[in-house]
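Numbering (our numbering) for the sequence shown: 3 to 301. All C-beta atoms, glycine included, are put in the ideal place defined by N, C-alpha and C. See structure below.
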Amino acid sequence: MKKLLIIGRGQIGSALGNILGEQGHFASAHNGHAYEVHYWEKDMDALSTDALLSILPDAVINTAGKTDLAWCEANAREAVRCNLEAPVRLYERIRNIDHPIRYIHFSSGCIWDGPYTPDGRPFTPTMPPSPACLYSWTKAAADAMLMNIDKEHIAILRPRQVYSGALHLRNTLVKLMKYPKLVDTPNSVSSMAVIEKTVRYLLTHSEASGIWNVYDRGVITPFQIGEMLWQTGVRTQPQKISKDELDRFHTPKRVDTVLYDERFERCINPENVEAQLHRAIDELRHAIELQAASEALAA
Ligand SMILES: NC(=O)c1ccc[n+]([C@@H]2O[C@H](COP(=O)([O-])OP(=O)(O)OC[C@H]3O[C@@H](n4cnc5c(N)ncnc54)[C@H](OP(=O)(O)O)[C@@H]3O)[C@@H](O)[C@H]2O)c1
């Protein structure tokens with residue numbers, strides 16, 4: 003069984019560990035291999051060569067990073083260390099080990115301020131970034147440095163507005179349940195299902211390196227997602243807010259981004275966004291009902 007070392011145990015790290023690890027025994031019958039999952043929850047800079055050698059993973063999946071945009075603005079030095087310097091230093095340690103270790107790094111589709119390019123196209127992996135805040139600058143700079151060091155062996159994933167059926171505070175659906183007003187602007191979104199499918203592909207195709215935009219097929223707006231959540235009974239009916247109005251009070255600026263990646267669509271064949279959203283919203287409704295039932299029991 004291949005060994006994975008997942009760094010960071012936030013929304014994406016814990017979901018991936020659950021899917022690819024123990025619960026992966028079930029998944030293995032349907033989706034592919036199960037993996038022996040190890041987590042690194044301490045600081046990434048403390049993951050020494052000796053620690054790497056003691057685990058000797060076949061792949062390191064770096065899901066760690068400072069992801070709160072306002073926090074990054076207020077703590078710029080630490081945001082740069084965690085999102086840019088530490089991942090680059092970590093890869094330098096990995097590549098000096100005499101054992102092939104796949105390095106999969108999570109970046110973000112938020113490095114572009116769109117929703118489209120000035121000439122109306124979606125953003126493709128090689129387009130220059132147009133970061134709108136420090137967080138996005140740190141992600142874009144890490145990608146550039148990692149690709150400069152070893153673009154033949156590193157795989158970088160750029161998801162956008164990640165969601166699932168889990169009751170997790172960082173789940174995009176959970177966030178969209180709370181805002182009374184939502185913008186009606188086109189965006190790409192990424193289900194945990196499409197992220198899992200992409201990671202599984204990268205783990206079995208060691209030649210598949212470079213930058214991958216990762217998203218559900220099609221385009222959706224936050225307002226449309228809000229309406230789907232309302233129709234499922236997990237939020238009130240959303241109102242619309244214009245992007246200009248949102249930009250007046252939302253700091254740092256929230257970006258709209260639509261992604262495209264010909265290689266990703268060919269190799270991964272992502273599912274349609276509305277089908278994925280319906281599935282995740284149903285799971286979320288179920289999770290909310292379960293939580294309410296267990297709270298009622300405890301009361
Ligand atoms: N979720 C999304 O919608 C989304 C979209 C696009 C890209 N991404 C990228 O995907 C990755 C994972 O996102 P996520 O949603 O799982 O984020 P998350 O829930 O915030 O988890 C990130 C984890 O990394 C930890 N961390 C921060 N700095 C670290 C360091 N120096 N060493 C070790 N751990 C550290 C954080 O711990 P603390 O909480 O203690 O800081 C947190 O537990 C990030 O790189 C993010 O930029 C996410």
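**Prompt:** With 16 other CB atoms within 10 Å as the buried threshold, where does residue 268 fall?
**Reply:** Exposed is the call here.
**Asked** How should residue 194 be labelled, buried or exposed, when 16 other C-beta atoms within 10 angstroms of its C-beta is the threshold for buried?
**Response** Buried, because 16 or more other Cβ atoms sit within 10 Å of the Cβ of residue 194.
**Asked** CA-CA distance, residue 84 and residue 67?
**Response** When rounded, the distance between both Cα atoms is 6 Å.
**Prompt:** Any heavy atom of ligand 1 closer than 8 Å to the CB of residue 43?
**Reply:** Here the distance from the Cβ of residue 43 to the nearest heavy atom of ligand 1 is below 8 Å.
**Asked** Are residue 257 and residue 13 touching if we call contact CB-CB under 9 Å?
**Response** Taking the C-beta atoms as reference points, residue 13 is found no nearer than 9 Å to residue 257.
**Message:** For a test of your reading of the model: does the CB of residue 67 fall under 8 Å from any non-hydrogen atom of ligand 1? Yes or no.
**Reply:** Checking the 8 Å criterion, the Cβ of residue 67 is within range of a heavy atom belonging to ligand 1.
**Message:** Counting beta carbon pairs with one atom in the stretch 156 to 172 and one in the stretch 197 to 212, are three or more of them shorter than 8 Å?
**Reply:** They touch, by the three-pair rule.
**Request:** Tell me, please, whether the stretch 274 to 288 touches the stretch 217 to 233 by the rule of three or more beta-carbon pairs shorter than 8 Å.
**Result:** These segments touch.
**Item:** Residues near residue 112 by beta carbon distance below 6 Å, same chain, minus five either side
**Value:** Excluding its 5 nearest sequence neighbours in each direction, residue 112 has C-beta neighbours in its own chain below 6 Å: 138 and 257, listed in chain order.
**Request:** Compute the beta-carbon to beta-carbon distance between residue 187 and residue 117, rounded to the nearest angstrom, for a pair I have assumed lies under 8 Å.
**Result:** Their Cβ separation, rounded to whole angstroms, is 6 Å, which keeps residue 187 and residue 117 in contact under 8 Å.
**Item:** residue 177 - containing alpha helix (DSSP H), residue span
**Value:** Secondary structure note for residue 177: its alpha helix (DSSP H) is the uninterrupted segment 174 to 178.
**Prompt:** Is there contact here, the stretch 90 to 104 with the stretch 226 to 241, by at least three beta-carbon pairs under 8 Å?
**Reply:** Three or more beta-carbon pairs separated by less than 8 Å are not found between the stretch 90 to 104 and the stretch 226 to 241, which leaves the two stretches without contact.
**Request:** Classify residue 185 as helix, strand or coil using the three-state DSSP reduction.
**Result:** Reduced to three states, the DSSP call for residue 185 is coil.
**Request:** Would you kindly work out how many angstroms separate the C-alpha atoms of residue 61 and residue 198, rounded to a whole number?
**Result:** About 15 Å.
**Request:** Would you tell me roughly how many angstroms separate the C-alpha atoms of residue 26 and residue 39, rounded to the nearest one?
**Result:** Model confidence at residue 26 stands at a pLDDT of 45, short of 50, so the residue's coordinates are unreliable and nothing is read from them.
**Asked** Mapping DSSP to helix, strand and coil, what is residue 284?
**Response** Assignment of residue 284 by DSSP, reduced to helix, strand and coil, places it in the helix class.
**Asked** Expressed to the nearest angstrom, what Euclidean distance is found between the alpha-carbon atoms of residue 30 and residue 153?
**Response** The pLDDT assigned to residue 30 is 46, lower than 50, so where the model puts this residue is not dependable; a value taken from the coordinates is nonetheless given after this. For residue 30 and residue 153, the distance between alpha carbons rounds to 30 Å.
**Prompt:** Taking the C-alpha atoms as reference points, what is the distance between residue 192 and residue 222?
**Reply:** Roughly 11 Å between the two C-alpha positions.
**Prompt:** Under a three-way DSSP split, which group does residue 118 fall into?
**Reply:** Residue 118 falls in the coil class under three-state DSSP.
**Message:** Using only the alpha-carbon positions, how far apart do residue 142 and residue 288 sit?
**Reply:** Distance between the alpha carbons of residue 142 and residue 288 is about 37 Å.
**Message:** Suppose contacts are defined by Cβ-Cβ distances below 9 Å. Is residue 86 in contact with residue 54 by that definition?
**Reply:** Taking C-beta atoms as the reference points, residue 86 and residue 54 fail to come closer than 9 Å.
**Request:** Please confirm whether any heavy atom of ligand 1 lies closer than 8 Å to the CB of residue 266.
**Result:** False, no ligand heavy atom lies under 8 Å from that Cβ.
**Message:** I'd like to confirm something about residue 108: is its beta-carbon nearer than 8 Å to some heavy atom of ligand 1, or not?
**Reply:** It does: the Cβ of residue 108 is within 8 Å (strictly closer) of some heavy atom of ligand 1.
**Request:** Count the other CB atoms, across all protein chains shown, that sit within 10 Å of the CB of residue 49; report buried if there are 16 or more and exposed otherwise.
**Result:** Buried is the call here.
**Prompt:** From the DSSP output, which residues share a beta bridge with residue 7?
**Reply:** In the DSSP output, where bridge partners are listed per residue, residue 7 has 40 and 62.
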